[in-house]
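Participant: In the numbering used here, the protein residues as written are 421 to 799. We put the CB at the ideal spot given by N, CA and C, even for glycine. Nothing here was measured: the structure is a model prediction, and the numbers come from that model. This is the structure I want to talk about, given as structure tokens.
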């Protein structure tokens, strides 16, 4: 039934299907949707184009059935929250110029650090390699303080041979203590390490960005880290304060995992050079802390400078606060932002989760050529 709910269909149950078949335990069983009448397993029935469910002559409206199914636990695990529907500006910034590197390379290298709790490194590496980059996954070892210190030194050394850094998604440190990406930021700032080590790493990143015209990307947990480090929206590592933007808990009060629509608000970033302002892309999200918050004056400044990269939009392509489209309640419906020159991009949506055979029953464009654009930047 849930399969039909999700697609807005109804279902005609086969006359041989019993109540036990419908509601009994069937451990290890699979429900398969087949095109045709192949003799595979037990026939359950056929899809209806309307939303009615028919069993032994009895008919139930699917909309009413879904409502009853969702209503029971709505007070506990809410699917909806009251929304004041605050008007949101749909931002459009057309970049007249875009940064380019002084040195070109045929196959740029991307360094992907893996922290305890990172879970998107393989998808991230595959997306970059499919786009023509050389990807290296680097595991941060944290068994001892000495192992962390050694990881910092090795990572800083590898930064000198790379053109891009990609901070992938996940739940670094289990999103503890009390907040996301704190382990990643501690890796860059750890006061327990001798001062030269975090300074070394900071200098290596500064050299990557300012001397070698490198690129950085943070998705989901990586975006949270870039915000906490000050790399977004300021373009450099700095000590953040209460006036800096942040990513905090979703307004719905729980983790959200779904497909959302995002609109290109600015093509300032080299990462978005393969898109046009106004284009809408569908992207998967999965996070509990994706609500972008900042002072309104800063948000307007970001919009004026083209640093608001992407916004959550409704079916009409308009930025919105509606939780059905803006799953975390981000101010100005912000899904992604960039550094002032666009070379650092952070976003909540998992653009790396793309490939043949995915999202087959969901309309929309899923590939914003994020990784291909980054590789093209260096050619």
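Looking at residue 604 and residue 587, is the spacing between their C-beta atoms short of 8 Å?
Facilitator: In this structure, residue 604 lies closer than 8 Å to residue 587 by Cβ.
Participant: Are at least three pairs of beta-carbons, each pair with one atom in the region 548-557 and one in the region 530-539, less than 8 Å apart?
Facilitator: They touch, by the three-pair rule.
Participant: Counting Cβ pairs closer than 8 Å, one from the region 559-577 and one from the region 517-526, do we hit at least three?
Facilitator: Short answer: they don't touch.
Participant: Any idea what DSSP makes of residue 701, helix, strand or coil?
Facilitator: Correct three-state label for residue 701: strand.
Participant: What residue range does the alpha helix (DSSP H) around residue 556 cover?
Facilitator: Unbroken run through residue 556 is the beta strand (DSSP E), 554-559; no alpha helix (DSSP H).
Participant: Could you give the distance in angstroms between the alpha-carbon of residue 439 and the alpha-carbon of residue 452?
Facilitator: Going by the C-alpha atoms only, they are around 19 Å apart.
Participant: So residue 652 is in the alpha helix (DSSP H); what residue range does that whole segment cover?
Facilitator: Residues 651-654.
Participant: Spatial neighbours of residue 465 within its chain, please: CB distance less than 8 Å, with the 5 preceding and 5 following residues excluded, ordered by chain position.
Facilitator: Only 431, 432, 433, 434, 437 meet the Cβ criterion.
Participant: Just tell me which of 486, 590, 463, 449 has its CA closest to the CA of residue 772.
Facilitator: Per the Cα distances, 590.
Participant: Using 8 Å as the Cβ pair cut-off and three pairs as the minimum, do the region 654-669 and the region 677-695 touch?
Facilitator: As far as the Cβ criterion goes, the region 654-669 does not touch the region 677-695, which means the pair count is below three.
Participant: Nearest CA to the CA of residue 673: which residue from 428, 498, 727?
Facilitator: Minimum Cα distance to residue 673 is reached at 498.
Participant: Using the three-state DSSP reduction, which class does residue 797 fall into: helix, strand or coil?
Facilitator: Helix at residue 797.
Participant: Please state whether DSSP places residue 616 in a helix, a strand or coil.
Facilitator: Only weak support exists for where residue 616 lies, its pLDDT of 46 falling under 50; the value from the coordinates is given anyway. Three-state result, residue 616: helix.
Participant: Could you round the C-beta distance between residue 700 and residue 683 to whole angstroms and report it? I think they count as a contact, below 8 Å.
Facilitator: Between residue 683 and residue 700 the Cβ distance is about 5 Å, and since that is below 8 Å, they are a contact.
Participant: Express the C-alpha separation of residue 602 and residue 686 in angstroms, rounding to a whole number.
Facilitator: Approximately 29 Å between the Cα atoms of the pair.
Participant: Could you tell me if residue 449 is buried or exposed, where buried requires 16 or more neighbouring beta carbons within 10 angstroms of its beta carbon?
Facilitator: So residue 449 counts as exposed.
Participant: Could you give the uninterrupted runs of the beta strand (DSSP E) lying entirely in the region 431-494, keeping only those of 3 residues or more?
Facilitator: Complete beta strand (DSSP E) runs here, min 3: 465-468, 472-475, 478-481.
Participant: Apply the 10 Å Cβ neighbour rule to residue 754 and answer buried if 16 or more other Cβ atoms are within range, or exposed otherwise.
Facilitator: By the neighbour-count rule (16 or more Cβ atoms within 10 Å), residue 754 is buried.
Participant: Please confirm whether residue 748 and residue 710 have their CB atoms less than 8 Å apart.
Facilitator: Going by C-beta atoms, residue 748 is nearer than 8 Å to residue 710.
Participant: Comparing alpha-carbon positions, which option in 757, 641, 455 lies nearest residue 707?
Facilitator: Closest by alpha carbon: 641.
Participant: Which residue wins for smallest C-alpha separation from residue 537, given the options 721, 454, 560?
Facilitator: The shortest C-alpha separation from residue 537 is found at 560.
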